[in-house]
Amino acid sequence: MSAPAHPRFGTDGVRGVAIEEITPEFALALGRAVGRVLSPSRLVIGRDPRQSGPALQTAFAAGVAAEGVDVDDASIVPTPAIAALAARHGVPGVVITASHNPYTDNGIKVFAAGGRKVDDATQQAIESELAAIVSAEPSGSIPRRVGTVVLRTDALPWYVDHVVSLFAAGCLAGARVVLDTANGAMFEAAPRVFRALGADVIVLNDAPDGTNINRECGATAPRQLCDFVRQMGGVDFAFAFDGDGDRVIAVDDRGQVVDGDRLIALSALERREQGRLAAGVVVATVMANLGFHRAMEAAGIQVVTTPVGDRHVLDAMDDGGFVLGGEQSGHIIHRDMGATGDGLVAAVFVSVLARRRERSLSELASAVMTTYPQVLRNVRVGRRPADAAAEMRSEIEAEERRLGSEGRVLVRSSGTEPLVRVMAEAASHDEAQAVVDRLCAVAAERFA
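What the sequence shown shows, in my numbering, is residues 6 to 453, in sequence order.
Here it is as structure tokens:
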């Protein structure tokens with residue numbers, strides 16, 4: 006009898022419906038596979054606050070420990086904290102999280118020693134080992150050594166101190182800041198860091214109960230934060246994090262969203278002015294707005310483009326020795342300040358640059374680039390194509406000819422869900438909408 010199918014690595018780890026797809030049994034087996042493939046003496050693990058986290062974290066830790074690996078349990082911490090701890094100690098790290106997904110989902114992200122997400126070859130090796138573990142009959146053999154699992158209550162305080170140390174003391178003194186921590190993993194760390202740097206902080210959605218993570222709040226639903234800033238008045242900066250804290254979206258003093266493209270553009274200009282933009286290059290994904298590319302070109306900054314996923318951004322950064330990169334969705338990597346996307350570091354960096362320039366975030370964000378109207382829609386499909394763009398090439402090329410130099414089209418298969426994502430940018434919203442409507446109709450029929 007063949008072994009049952011198990012979840013596979015996507016663009017950001019393994020993800021699925023908690024307990025039904027990402028089961029404790031799966032987490033246990035994946036823990037054993039990670040222990041065998043990475044073969045460390047020690048590993049650090051953390052999680053976000055969603056309800057299924059403790060069960061899955063315990064199971065994964067048991068699997069790793071069964072392979073003789075000692076486990077440091079950091080409990081609830083942001084994903085970038087685990088990456089930073091992995092880099093500090095030279096050990097692998099694991100986070101039990103489904104990032105911006107609802108609490109009913111969960112997932113597992115794996116970091117190599119040094120804090121980077123494991124590469125494709127390592128993922129494939131882990132999947133192969135996982136398949137062997139799932140299909141094997143119990144051997145009954147006794148391992149030479151079983152690892153220990155130790156709770157590390159110092160993990161979160163260390164991460165807070167680490168982020169604070171990256172910036173000048175008191176650099177945000179007097180700033181009025183509102184933070185939406187999405188009832189997620191940043192609910193303690195983000196306020197502590199901003200307060201330690203001198204800011205006056207108000208926090209929204211900082212009471213996780215296991216089921217309210219990302220619920221109509223955070224980086225994927227910033228409307229509540231926008232409304233709060235408008236109603237309150239006098240706010241200098243506001244930031245919304247996602248459930249595990251590796252993404253951030255800003256809201257300016259007027260209550261307008263400032264997305265990842267604008268945050269990256271502002272950070273690139275600031276770094277170039279300070280002589281800290283290696284090779285004059287910034288790395289972005291195919292989702293970066295056409296306006297971002299035009300703004301960077303006008304500023305004399307080269308853009309290196311990668312597929313979607315912060316792992317691809319980081320690969321390009323490390324291959325070229327670049328220090329800044331990210332995604333429109335809010336994954337922003339300052340490579341000289343961390344090994345992965347860190348929403349908290351990115352938020353403080355933008356706050357500091359605005360204070361240094363003595364201009365409001367609304368002024369800076371509106372001036373840095375002109376955004377082309379963008380329409381993005383997800384089409385749920387029955388047949389998940391490996392390469393949706395290749396199968397829709399003729400239709401895509403026809404739309405590109407219509408748009409000319411004043412727009413672009415992007416069609417791609419989701420790396421984590423049975424979706425085809427269709428995006429268009431054009432000189433007007435109506436034109437972009439029409440392009441997306443036509444291509445979505447094609448995708449729905451072709452991949453039914």
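Think of the CB as a built atom: it goes at the ideal place given N, C-alpha and C, for glycine as much as any other residue.
A direct Cα-to-Cα measurement between Ala195 and Ile337 gives close to 16 angstroms.
Annotation: the continuous beta strand (DSSP E) that includes Gln379 extends over 379-385.
Around the beta-carbon of Ala160, 16 or more other beta-carbon atoms lie within 10 Å, marking it buried. Of the other Cβ atoms in all chains shown, fewer than 16 fall within 10 Å of the Cβ of Gln279; this residue is therefore exposed. In the three-state reduction of the DSSP assignment, Asp166 falls in the helix class.
The straight-line gap separating the alpha-carbon atoms of Leu358 and Gln229 is approximately 25 angstroms. Note that the C-beta distance between Asp247 and Thr225 is below 8 angstroms. The C-beta of Glu30 has fewer than 16 other C-beta atoms within 10 Å across all chains shown, which makes the residue exposed.
Under the three-state reduction of DSSP, Ser44 is assigned to coil, being neither helix nor strand. Just so you know, the alpha carbons of Ala448 and Met397 end up roughly 8 angstroms apart.
Out of Arg93, Val386, Gly51, Ala284, the CA that lies nearest to the CA of Gly343 is found in Arg93. Where Glu430 is concerned, the enclosing beta strand (DSSP E) starts and stops at 424-430.
Restricted to the region 324-406, the alpha helix (DSSP H) segments that are unbroken, complete and at least 4 residues in length are 348-362, 366-373, 393-396, listed in chain order. Nearest C-alpha to Val440 among Glu422, Gly412, Glu450, Ala453: Gly412. Val183 and Gln56 have their C-alpha atoms spaced approximately 26 angstroms apart. In this chain, the beta strand (DSSP E) harbouring Gln307 covers 307-311.
A distance below 8 angstroms separates the beta carbons of Ile27 and Leu61.
Assigned with DSSP and collapsed to three states, Ile218 falls in coil, not helix or strand.
The beta carbon of Asn219 lies closer than 8 angstroms to those of His105, Asn106, Pro107, Tyr108, Ala187, Asn188, Gly189, Thr225, Ala226, Asp247, Gly248 in the same chain, with the five residues before and after it left out. One thing to note: Pro45 has its Cβ no nearer than 8 angstroms to the Cβ of Ile81. No Cβ-Cβ contact shorter than 8 angstroms links Val100 with Ala34. For a cut-off of 8 angstroms, the C-beta gap from Val69 to Gly40 is around 4 angstroms, short enough to register as a contact. Remark: fewer than three beta-carbon pairs, one from each stretch, lie closer than 8 angstroms, so the region 388-395 and the region 340-356 are not flagged as touching. Comparing alpha carbon positions, the residue from Asn210, Tyr377, Gly119, Ile269 closest to Ala245 is Asn210. DSSP places Asp125 inside the alpha helix (DSSP H), whose first and last residues are 125-140. By the criterion of a C-beta distance shorter than 6 angstroms, Gly203 is surrounded in its chain by Gly175, Leu177, Ala178, once the five residues flanking it on both sides are discounted. Assignment of Ala289 by DSSP, reduced to helix, strand and coil, places it in the strand class. As computed with DSSP, Thr109 is found in no beta bridge at all. Measuring C-alpha to C-alpha distances from Arg121 to each of Pro378, Val96, Ala38 identifies Val96 as the nearest. Per DSSP, the beta bridge partners of Arg417 are Arg426.
Around the beta-carbon of Gln379, 16 or more other beta-carbon atoms lie within 10 Å, marking it buried. Residue pairing of Val182 in beta bridges, as defined by DSSP: Val206, Phe242. Distance from the Cα of Met301 is smallest, within the candidate group Gly325, His339, Ile113, Ala372, for Ala372. Cα atoms of Arg277 and Gly285: separation of roughly 7 angstroms, rounded to the nearest angstrom. The alpha carbon of His434 has as its nearest neighbour, out of Pro423, Leu408, Gly98, the alpha carbon of Leu408. Contact between Ser418 and Ala453 does not hold, since the beta-carbon distance rounds to 15 angstroms and is not under 8 angstroms.
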